[in-house]
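So the structure is just underneath, and the comments pick up after that.
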Amino acid sequence: MKLSLTRAQLLQQWRLRAFPEPMNDGNAVSTIDGIDMDAWLEAAMSDWYRNLLHSAPVGLLYPYDYAQQLLPRLASGGAVVIGLPDSTVRLVSLRLCGWNADAEIVTDTQLPLAARQLCPFTRAGIDAPVAVWSPGSRTAMLYPTTGILEMEKAEIIVDSPDIFRLDSAAFASISPIPL
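In our numbering, the protein residues as written are 289 to 467.
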């Protein structure tokens, strides 16, 4: 199930999984040593979520479709350029109107497939388009250009400080913290 959670909601889910409820044997345990468990747990949760965004299989994430927000434009050299949100972590799928398939996303500009897009004779076509994007960059180059400069699909993983988007299956990767 795809979820959009606030920080408090994700922290609640983390507490459920990171701290399994101990069996009640009639003893009460309390600490007075000043450890801020909420701050510690929130830091661990943030690290887990950032790692999830950058390296988890896309099926554990919840990409957002930015197609309506992105404005493709022609660039010199025969590419279509799209500006991406500042918080972009990963591109999942891109498709311009008129393409017959989603673009293959190339994140290493040194690969031969990326270099082939610079030449009009070796450039990708509408049946196997290519998007060249360097992680951390605010733009992606799409090949080939088409008559209609409009995004049909643009699924992107973003790192938002307020909304945590993931699939509920990702919770299985939370390891219980030994008490």
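C-beta: ideal position from N, C-alpha, C; glycine also.
Meets three-Cβ-pair contact criterion under 8 angstroms: the region 346 to 353 and the region 407 to 419: no
Looking at GLY365: is its Cβ nearer than 9 angstroms to the Cβ of GLY435? no
Assuming ALA419 and ALA389 make a contact with CB atoms under 8 angstroms, what is their CB distance in whole Å? About 12 angstroms; that fails the 8 angstroms criterion.
Candidates ASP450, LEU341 and THR433, of which the one nearest ILE444 by Cα: LEU341
Tell whether a beta-carbon distance below 9 angstroms holds between PHE452 and LEU329. no
Are the beta-carbon atoms belonging to VAL368 and MET325 less than 9 angstroms from one another? no
Can you tell me where the alpha helix (DSSP H) holding SER334 begins and where it ends? 325 to 343
Using three-state DSSP, classify GLY347 as helix, strand or coil. helix
Tell me which same chain residues have a C-beta within less than 7 angstroms of the C-beta of VAL377, skipping the five on either side of it? LEU341, HIS342, ILE445, VAL446 and ASP447
With respect to the alpha helix (DSSP H) encompassing LEU298, which residues constitute its N-terminal and C-terminal limits? 295 to 306
Alpha carbon to alpha carbon, how far is VAL380 from PRO345? 10 angstroms
THR427 to LEU372 span [Cα, whole Å]: 6 angstroms
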